[in-house]
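Novice: Chains as they are written, first to last, in the numbering used here: chain X, 12 to 360; chain E, 12 to 360; chain F, 12 to 360; chain V, 12 to 360.
Heads up, the beta-carbon is just placed ideally off N, CA and C, and yes, glycines get one too.
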């Protein structure tokens, strides 16, 4: 269903071309200061911006807080934020099933009753409320010493081989207009424009890190920090893979290499490496939480595709017009960060 | 926490060297025939068997059903199954933190109160109840035309390049003593023995497939079939990555390649490819559900490792004795299948 | 937390004098026709109306549906409805703790951060979204043959001794401006006015009935239809008691009297009496579901009360000004009906 | 379903004449000392004891803890306790529907697949695991200064008019073999024996109190302490009513009487009366939590009853043989206490 979390409970609503989208966040502690300026910054990181790398749709993406705050602080009551939809051009969308989209499965599940204009409830636009909620989470866990960052690790075959070494480096990359290391940023953008020029799209990997997470967060089994974060990450449209720490690369290692050896320093137990991405047995160990998310190429492309008109059950060809990001990874970066920040807040609550 | 599922609710309990482990499964439909023989087969696939590829620990792994069935059929009441622990040698385990294990994080979370003998509640032994529950799920969804299989896709750098083409091929591979394609089986086993010979371990990838899943299962957002399955998969000890369909490889594709084009055949909509692994927008589309799980090398190895004695907070060296699988992937295969079968039952309920 | 339901999930938000209040309802089937006119009727039954029996506050109580419907039908996506607050006079509320209100406990729980203007998140105004959700539920279960009604059974010591015999009788009473039997209506209103004249308030009992509920709804134990409804009913401000069927009066009966004897009629099993209120073992038996809710006297009264100023921790006297219903029972009637309708929809889903 | 609680999660299993019944309790803090002696005392308070007031069935009711403890302390992992069924005489139960029992509704819900021997999963025997869990809860909250007591307030028309004034008085009454005030105990027992002598049964009211609950426990709306406790109480077989504080009697009061006036004493806010039963707005205020539960007369009676044979769909007469308590209230007292203790632990977690 549309709810997530046991201590911090999110409820998402809205359709892309409906009246509004939004989120209720329950379980926030009372008395937390909310900096709306910083929320707006996070929202703008995800918002489509009119650059060549993102759709030209001019969403205002201004979240109105309807409840749960007073004088800039949380009240302890559920916080609802709403974002009006004000630039929906329904005419842009036709009746053929768009390959790679939820059009097909929505039809199977809702028998034609779903509002699929602009992707409806399945639209990437629904990640805006997630970013809003994540911005709150970042502020709250920020006050407890946790920082969350993200970056585009790869676009197509082009992969960043460097790793940010400090929180400052992470922050610089994370907050850039195109959130990737300077060394690869231009090349990534060129690759995206190339795909766009061909009426096509390209996939990518987003990496996120949480620094300063205290040990002991999460639970064994179904309450594992990885399980909590995974349920969140796989709800983000376009995500088809997720790994923590060494992830799939760990399968190529020997145990003697993969095991993070421990040592005592200043009375604290630390690990020499972090192949487990800060999580052992579902519980944080104090090392940075590292995860990577595989994002498929944007499903909406200009190129002609073969598909089906479900009303007449005929094979047809489809050219998708309208405005679409040729690569979702850059705008997905703050969404993945938001999901990680919420997961950590959940496990710290 | 230890519960999973909204329609089918699992509650897991037990510690490796405690009295018993087990599971309650609630929400099962009444009147489903339970074939205990087939449950035993599934249990034996996971059980340590005394071959060179698995631990020599002689667990009986006989599940006793305590409730929820009558005359071989489900009653609709919660079904509890219990497995006694009867071969625990606590002496095998010392006091130094075993690198790569939950020893460290259990200490952080439970302040020394956890029963960590044999890995305690974090032990791979806790997957036995999952396999039990999965065996039930397989029988129930089997009656609705769904078949679930699994295989070892890779061990270390050795990857199977072939893909089973039919349900029969899948079944043959899946039910083999070492569940991998004949073409790579021997080489995989040799690789595992090589690691074992060095007092080391090796990782691998398990792939699972569900054939015959009807379209329309799952929900958008947090109830996505991927989210439901992910929460389950990341609760399996040793899992550090998960992907659906093309997964991470999709990030290397163009949209025109990754999108599964559609066509009408015999009045049914089908896709020419299955890069989305049978799931779009969190909902099944009728194509096979395909997922892959990255399993890290067994953390328990014989080789000397540097670690910490937490009682004295000193750096120490550790040689882990006792019986451990040098590669978890083969025995994890039925566990991943179980998790997938349960996820599908949940989404079909 | 602010969520209720497993199949039909409600999430409530809002504070009395904040920007808006509202509800998300998830899990509604797709394709259900929504009659906004009938929703408005239900909302107006709860809304304060300017009569002598209810507060003069002019809330518009117009719910705006933000998502989840298209062309008057549910889409299957979460439905969010919002009601703006537009007539809040914060000046009406002072700083002394109002006896019988949540002012005291909100202070204990939220350390002064709660927005308690007008009762904040604890306000009876929060029942408006419940009535909205209940109106939807009534329409959906109405399509399956279930009708839900309510009435004021007692005000103070004045109790209605008659019982509606048919759905038509129930409907007539339920939909009256003052939802009580004609025989007691005037006397009840007089009693309420008498209390009001003394600057005081009076309690009452609301009875609700659901006719046509099919057998087999609900579950044993914590999923009992009674448990599901109880969690809902006790969330309604002012409710301090709940009983099903004979309820507390059953404790005065012998088993031979209380047991509902059965007989076969037209191939259907029926009971001669309905002391169990249509529920046995937590599951509906096909007889009318009957429940009764005890509503305490309105806490806000004009009479001088002794209380505490928490800021100065001094004993003070308080006269509550402003507009308050001298008896909540009439306006609570549609709220209790809504809660029952939602509970039945939950258990039929 | 069979799970309850968000922080403390109970999962109940078992059927009266199956192999075993039991409970998993998850979310218990690690390191809590468990006194098995005191658990046994609680279990024996509920257990049928061979006196004239309870059934002669000789259940051992010895709970075996299978997991979650080590050296007498909780480990933080899920605690599973199992009670074997060893005295089931299935022959005692026939095929006619027993009026007032779940036989009828189980048939409607499970289409004849339910194991209804001895009441199956609906049996009062399933309250034994609740008492076990409650005994743990009592010990844990006891360590935080909370004491929970219960008593039989009324049997039939015979009602205790006195109220225990201190914790010592409560304890004395609560722990008596027949948990009622000395002044009414003999009369209550006589009344029960009278009903028994007539082959009949009688109902009663159980009152429970929690002393020392800190303010601020519980949440507004669906997380109200009342809602949490209500979902628990209505899962207890035979419960048909529940009230907090003044409960239904509050409906006869004026607001000026019902409102609990406040005053400051020793720097603490207190109320002069406790009509709200220690809960305002769903949150505890520090005053004793008081609740009352209406328990219907035992459904199993020796007297001839008219009912239906569902196999042949004929009207039949039924004489229930076997051993049944003529009044459930005394044995239900520790069950209600357990439910209250668990509810408070849940809200304090």
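Taking 7 Å as the CB-CB limit, is residue 91 (chain E) close to chain V?
Specialist: Closer than 7 Å: yes.
Novice: On the CB-based measure, 16 or more other CB atoms within 10 Å of its CB, does residue 359 (chain E) come out buried or exposed?
Specialist: Looking at its Cβ environment, which holds 16 or more other Cβ atoms inside 10 Å, residue 359 (chain E) is buried.
Novice: For a test of the three-state rule: what should DSSP assign to residue 331 (chain V), helix, strand or coil?
Specialist: Three-state result, residue 331 (chain V): coil.
Novice: Evaluate residue 168 (chain X) with the Cβ neighbour count: other Cβ atoms within 10 Å of its Cβ, from every protein chain shown; 16 or more gives buried, anything less gives exposed.
Specialist: With fewer than 16 other Cβ atoms within 10 Å, it is exposed.
Novice: When the Cα of residue 32 (chain E) is compared with those of E:226, E:94 and E:261, which residue comes out closest?
Specialist: Residue 32 (chain E) has its Cα closest to that of E:94, out of E:226, E:94 and E:261.
Novice: Would residue 41 (chain X) pass as a contact of residue 85 (chain X) if the rule is Cβ separation under 7 Å?
Specialist: It is a contact, given that the beta carbons lie within the stated cut-off.
Novice: Going by CA-CA distance only, name the one from X:223, X:277 and X:314 that's closest to residue 152 (chain X).
Specialist: The shortest C-alpha separation from residue 152 (chain X) is found at X:223.
Novice: For residue 352 (chain X), does the three-state DSSP call read helix, strand or coil?
Specialist: Reduced to three states, the DSSP call for residue 352 (chain X) is helix.
Novice: What does a CB cutoff of less than 7 Å around residue 298 (chain F) pick up in its chain, not counting 5 residues either side in sequence?
Specialist: Excluding residues within five positions, the ones whose Cβ falls inside 7 Å are 282, 285 and 289.
Novice: Unbroken beta strand (DSSP E) runs of length 3 or more, entirely within the region 229–292 of chain E: which are they?
Specialist: With a minimum length of 3 residues, the continuous beta strand (DSSP E) runs that stay inside the region 229–292 of chain E are 250–255, 273–276 and 279–282.
Novice: Please tell me whether residue 88 (chain V) has its Cβ less than 7 Å away from any Cβ of chain E.
Specialist: It does; some Cβ of chain E falls within 7 Å.
Novice: Relative to chain V, which residues along the region 229–249 of chain X have a C-beta separation below 8 Å, given in chain order?
Specialist: Hits within the stretch, in order: 231.
Novice: Tell me the DSSP secondary structure of residue 52 (chain X) in three-state form.
Specialist: Three-state result, residue 52 (chain X): helix.
Novice: What span of residues does the alpha helix (DSSP H) with residue 184 (chain V) cover, start to end?
Specialist: It spans 178–185 - the alpha helix (DSSP H) in which residue 184 (chain V) sits, taken as one unbroken run.
Novice: Quickly, what does DSSP pair residue 93 (chain F) with across the bridge? List them, please.
Specialist: DSSP output for residue 93 (chain F) lists F:33 and F:75 as bridge partner(s).
Novice: Between which two residues does the alpha helix (DSSP H) holding residue 174 (chain X) run?
Specialist: Segment: none, residue 174 (chain X) is in no alpha helix (DSSP H) and carries neither H nor E.
Novice: Using a Cβ cut-off of 7 Å (strictly closer), state whether residue 35 (chain E) contacts chain V.
Specialist: At least one chain V Cβ lies under 7 Å of residue 35 (chain E).
Novice: According to DSSP, which residues form a beta bridge with residue 15 (chain E)?
Specialist: Paired residues: E:21.
Novice: Tell me whether residue 188 (chain V) is buried or exposed, calling it buried when 16 or more other Cβ atoms sit within 10 Å of its Cβ.
Specialist: Classification for residue 188 (chain V): exposed.
Novice: Output the distance between the C-alpha atoms of residue 192 (chain E) and residue 19 (chain F), rounded to the nearest integer angstrom.
Specialist: Using only the alpha carbons, I get a separation of about 45 Å.
Novice: What does residue 20 (chain X) touch in chain F if you count any residue whose Cβ is under 7 Å from its own?
Specialist: In chain order: 12 and 14.
Novice: How long is the line joining the alpha carbons of residue 15 (chain V) and residue 347 (chain V), rounded to whole angstroms?
Specialist: About 15 Å.
Novice: Go ahead and pull the three-state DSSP assignment for residue 137 (chain F).
Specialist: Helix.
Novice: To the nearest angstrom, report how far apart residue 23 (chain E) and residue 357 (chain V) are at their CA atoms.
Specialist: Using only the alpha carbons, I get a separation of about 20 Å.
Novice: Using a Cβ cut-off of 7 Å (strictly closer), state whether residue 43 (chain E) contacts chain X.
Specialist: With 7 Å as the cut-off, residue 43 (chain E) does not count as an interface residue toward chain X.
Novice: Could you work out which residue in X:219, X:76, X:155 and X:176 is closest to residue 30 (chain F) when comparing CA atoms only?
Specialist: That would be X:76, whose Cα lies nearest to the Cα of residue 30 (chain F).
Novice: Does DSSP put residue 106 (chain V) in a helix, in a strand, or in coil?
Specialist: In the structure shown, residue 106 (chain V) sits in coil (DSSP, three-state: anything other than H, G, I, E or B).
Novice: Residue 211 (chain F) CB to nearest chain X CB: under 7 Å?
Specialist: No, its Cβ sits nowhere closer than 7 Å to a Cβ of chain X.
Novice: Name the chain X residues that come within less than 8 Å of residue 321 (chain E), Cβ to Cβ?
Specialist: What residue 321 (chain E) touches in chain X: 280.
Novice: Measure the C-alpha to C-alpha separation of residue 122 (chain E) and residue 83 (chain E) and round it to an integer number of angstroms.
Specialist: Computed Cα separation, rounded: 44 Å.
Novice: Please report how far the alpha carbon of residue 316 (chain V) lies from the alpha carbon of residue 256 (chain F), in whole angstroms.
Specialist: About 20 Å.
Novice: Rounding to the nearest angstrom, what Cα-Cα distance links residue 212 (chain V) and residue 130 (chain V) in this structure?
Specialist: Each residue's alpha carbon lies about 17 Å from the other.
Novice: Tell me whether the region 244–260 of chain V and the region 233–242 of chain F touch, counting them as touching only if at least three CB pairs, one residue from each stretch, are closer than 8 Å.
Specialist: Contact between the region 244–260 of chain V and the region 233–242 of chain F is present, because at least three Cβ pairs lie under 8 Å.
Novice: Is it right to say residue 26 (chain V) is buried, meaning 16 or more other beta carbons lie within 10 angstroms of its own, or is it exposed?
Specialist: Residue 26 (chain V) should be labelled buried.
Novice: How many whole angstroms separate the CB atoms of residue 92 (chain V) and residue 34 (chain V), which I take to be in contact at a CB cut-off of 8 Å?
Specialist: Confirmed, about 6 Å.
Novice: Looking only at its own chain, which residues have a Cβ that is under 7 Å from the Cβ of residue 312 (chain V), when we skip the five neighbours before and after it?
Specialist: Excluding positions up to five away in sequence, the list reads 210, 211, 212 and 331.
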